[in-house]
Amino acid sequence: MQVSHTGTQIAGEALALLPPDDVIFGRSAAMRSVRDRIERVSQANIPVLIQGESGTGKEIVAKLIHVLSPRREGRFVKVLCPAVPASVFESALLGCEMELFEGTTNPNPGRTDAAEGGTLFLDEIADLHPELQAKLLHLLHDGRVLRIGAPGVTQEMSGGMRVLCATHRSVKREMERGQFRPDLFYRLNAMSIHLPPLRERREDIPVLAEYFLQHYAAKYDRPARPLPAQCLHRLQEYDWPGNIRELENLINGFLVLGCETATLSEWMDRPPGEPLVANSADGFVPLRKIAQHAAREAERKIILQVLEANEGNRKKAARALNLSYRALLYKIKGAGIPAKRVVVPRRGATLSPADCQSS
Ligand SMILES: Nc1ncnc2c1ncn2[C@@H]1O[C@H](COP(=O)(O)OP(=O)(O)OP(=O)(O)O)[C@@H](O)[C@H]1O
Ligand SMILES: [Mg+2]
Numbered sequence: 189m190q191v192s193h194t195g196t197q198i199a200g201e202a203l204a205l206l207p208p209d210d211v212i213f214g215r216s217a218a219m220r221s222v223r224d225r226i227e228r229v230s231q232a233n234i235p236v237l238i239q240g241e242s243g244t245g246k247e248i249v250a251k252l253i254h255v256l257s258p259r260r261e262g263r264f265v266k267v268l269c270p271a272v273p274a275s276v277f278e279s280a281l282l283g284c285e286m287e288l289f290e291g292t293t294n295p296n297p298g299r300t301d302a303a304e305g306g307t308l309f310l311d312e313i314a315d316l317h318p319e320l321q322a323k324l325l326h327l328l329h330d331g332r333v334l335r336i337g338a339p340g341v342t343q344e345m346s347g348g349m350r351v352l353c354a355t356h357r358s359v360k361r362e363m364e365r366g367q368f369r370p371d372l373f374y375r376l377n378a379m380s381i382h383l384p385p386l387r388e389r390r391e392d393i394p395v396l397a398e399y400f401l402q403h404y405a406a407k408y409d410r411p412a413r414p415l416p417a418q419c420l421h422r423l424q425e426y427d428w429p430g431n432i433r434e435l436e437n438l439i440n441g442f443l444v445l446g447c448e449t450a451t452l453s454e455w456m457d458r459p460p461g462e463p464l465v466a467n468s469a470d471g472f473v474p475l476r477k478i479a480q481h482a483a484r485e486a487e488r489k490i491i492l493q494v495l496e497a498n499e500g501n502r503k504k505a506a507r508a509l510n511l512s513y514r515a516l517l518y519k520i521k522g523a524g525i526p527a528k529r530v531v532v533p534r535r536g537a538t539l540s541p542a543d544c545q546s547s
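This is the structure:
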C-alpha cells in the first residue's frame, strides 16, 4: 500500500486538515523510514507506540495512521493521559452507568465508546501514573476494551478499536527508572515509530517553512512571498529544540507581524546556533535566569497569540489583554517584538533580503 494523502480531512471528525504527505515526510531518509512503517502498520490492527521529542509531529502521525486505516470512518479519539484525574480514569475511559431510579440507567459514554470502530489515541502515555498503568493493562486486550457495565452486569468486551499511543519521553528509560510497566509497554508497543527531531532532517526545513508560509498567508489573507535564500539558510542552521511546532510558530509570527516587523530579521541577526539561554562560565545555567527566560518566552507567546487573534491590531490586543495601549507597547518592546505598527507589503511585492534586516 502507498501512503498517499493530499490534505485529507479526517473522516467523521471536525479535525484539522492534515498537511499533504510530501510536506509531512519531506525528503529525508529518516522520514522515508517513518513513511515505510506507517504503510506497514496502517492496515493491521496492532497497537503502535509513537515516540519523538516535543513538536516532532506525533499527533499528526497518529491521525495519518487513522486516516489510512480501514477504521477511517470511525472516530479518532484523543485522551491526554496526564490530564485525566486518577479518581475518574476508568469512568472517563469506559463511561459509567448510574442507576437513577429503579430499573432506569443513565449511560454516560466514555472515550472508548466514542472510539468504537475507530482509533483511541492515548497521548503522553509515559506520564500515566503507575497505578493507572495497571488499570489500563487490565482493560486492554488485543485492541478490545473490557467493559465494566452497570453494577451486577457481567463484564464484556467491546467490538474493537485501534489503540495508538504517543510520548515525548523515552519509554525504555522510564522502564529502567521503574516509572513505566514493562508488561504495558509490550502490550502497547506491537510496533514503534520514532520521529526524528528537526535538527536531524534539516533538508526538510525549506518544504515545511514554505508550507507554513502558504498556510498562514491564506489564513490571514496576506500575500505569500517566497522566503529569501538567506532566511532559509539561517532556518536550516538553527537546532529547533521545539521542532516543527517552533518552526510553525515562527512563520506564523512572521505572517502576523508583517515582514518589516522582525521575527525573521531577529533570525537574520542572531548568530547561528545561539542557545536561547546562555551558559555561565562554569557551564551551569542559573535557575533564576531560566525562570526569567521562561516567563519572557511565555509572555511573548501570549502577546503573539493575542495579536494573531486580533489580526495585528495592537489597540484591540491591549483591550483583550486588559492592558493599557502604552503598557502593551512596553511589553512588546520587552518581549523583543519591535513596536512599529504592522506594515503589510503590497500584494504581489517580492520580499528581498533587505526586507528582513533589523529595523
Ligand atoms: N511532518 C509535519 N508536517 C507538517 N506539519 C507538521 C508536521 N509534524 C508536525 N506538524 C505541525 O507541528 C505542530 C506540532 O505537531 P504535533 O502536535 O503532531 O507534535 P507532537 O509531537 O504531538 O508534539 P508534543 O509532544 O508537544 O505534543 C502541529 O501544529 C502540526 O500541525
Ligand atoms: Mg502531541
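Numbering (my numbering), first residue to last: 189 to 547. Every residue, glycine too, gets a C-beta built ideally from N, C-alpha and C.
Practice task
Flag this pair as yes or no: are the beta carbons of Lys503 and Thr355 separated by less than 9 Å?
Solution key: no
Cβ-Cβ distance between Gly430 and Gly243 below 9 Å: yes
- prompt: Is the Cβ-Cβ distance between Phe277 and Lys323 less than 9 Å?
  reply: yes
I need the DSSP call for Leu509, collapsed to helix, strand or coil. In the three-state scheme derived from DSSP, where H, G and I count as helix and E and B as strand, Leu509 is classed as coil.
Below 7 Å CB to CB, which residues in the same chain sit around Ser540 once its five sequence neighbours on both sides are set aside?
-> A caution first: Ser540 carries a pLDDT of 30, below 50, which makes its placement in the model unreliable, though a value can still be read off. Closer than 7 Å at the Cβ level, and outside the excluded window around Ser540, lie Pro416.
*asked:* Quick check: does the Cβ of Asp315 come within less than 8 Å of any heavy atom belonging to ligand 2?
replied: no
Rounded to whole angstroms, what's the CA-CA distance from Arg260 to Leu511? Just pull it up for me.
46 Å
Indicate whether Met219 and Arg389 have their beta-carbon atoms separated by less than 9 Å.
-> yes
Shortest alpha-carbon distance to Arg496 belongs to which of Asn440, Glu485, Arg514, Leu517?
Inspection of the sequence shows that residue 496 is occupied by Glu rather than by Arg. For Glu496, the nearest C-alpha among the options comes from Asn440.
| query | Taking C-beta to C-beta, are Ala280 and Val267 nearer than 9 Å? | reply | Yes, they are a contact pair.
Using the three-state DSSP reduction, which class does Leu205 fall into: helix, strand or coil? Coil at Leu205, not helix or strand.
Spatial neighbours of Leu420 in its chain, beta-carbon cut-off 6 Å, leaving aside the 5 residues before and after = Pro394
If you run the structure through DSSP and keep just helix, strand and coil, what is Ile381?
strand
- Answer yes or no: do Leu325 and Cys353 have a C-beta to C-beta separation smaller than 9 Å? When the beta-carbon positions are compared, Leu325 and Cys353 stay at least 9 Å from each other.
Beta bridge counterpart(s) of Gly240 as assigned by DSSP: Leu383
What did DSSP end up calling Arg390 once you bin it into helix, strand or coil? If DSSP states are grouped into helix, strand and coil, Arg390 belongs with the helices.
For this session: Using only the heavy atoms of ligand 1, determine whether one of them is closer than 8 Å to the beta carbon of Val494.
Result: no
Given 8 Å as the limit, tell me if Tyr399 has its C-beta closer than that to any heavy atom belonging to ligand 1.
yes
- prompt: Across which residues does DSSP place Lys266 in a beta bridge pair?
  reply: Answer is Phe309, bridged to Lys266.
Exercise for the section: Using a threshold of 9 Å, state whether the C-beta atoms of Ala274 and Leu328 are closer than that. Expected result: no
Exercise. Looking at the structure shown, is Ala412 part of a helix, part of a strand, or coil, going by DSSP?
Worked result: coil
CB of Asp311 to nearest heavy atom of ligand 3: below 8 Å?
This structure does not include ligand 3; its bound ligands are ligand 1 and ligand 2.
If you measure between the beta carbons of Leu206 and Pro270, is that distance less than 9 Å?
It is not a contact, given that the beta carbons lie outside the stated cut-off.
For Val211, the residue or residues it bridges with in DSSP:
Beta-bridge pairing links Val211 to no other residue.
Note to self: Tell me the residue span of the beta strand (DSSP E) that contains Arg350.
What the structure shows: If you look at Arg350, you'll find it in the beta strand (DSSP E) that goes 350-355.
Exercise. Does at least one heavy atom of ligand 1 sit under 8 Å from the Cβ of Ile381?
Worked result: no
What residues in its chain sit with their C-beta under 7 Å from that of Ile253, if we drop five residues either side in the sequence? The residues are Ile226, Val229, Ser230, Val236, Leu352.
To the nearest angstrom, how far is it from the Cα of Ala405 to the Cα of Ala412? 5 Å
Query raised in the report: Expressed to the nearest angstrom, what Euclidean distance is found between the alpha-carbon atoms of Arg422 and Glu312?
Result: 32 Å
_Three-state secondary structure (DSSP) of Leu328_ = strand
| message | Can you give me the C-alpha to C-alpha distance between Ile238 and Ala397, rounded to a whole angstrom? | response | 24 Å
Inter-residue spacing [alpha-carbon to alpha-carbon] between Phe400 and Val222: 21 Å
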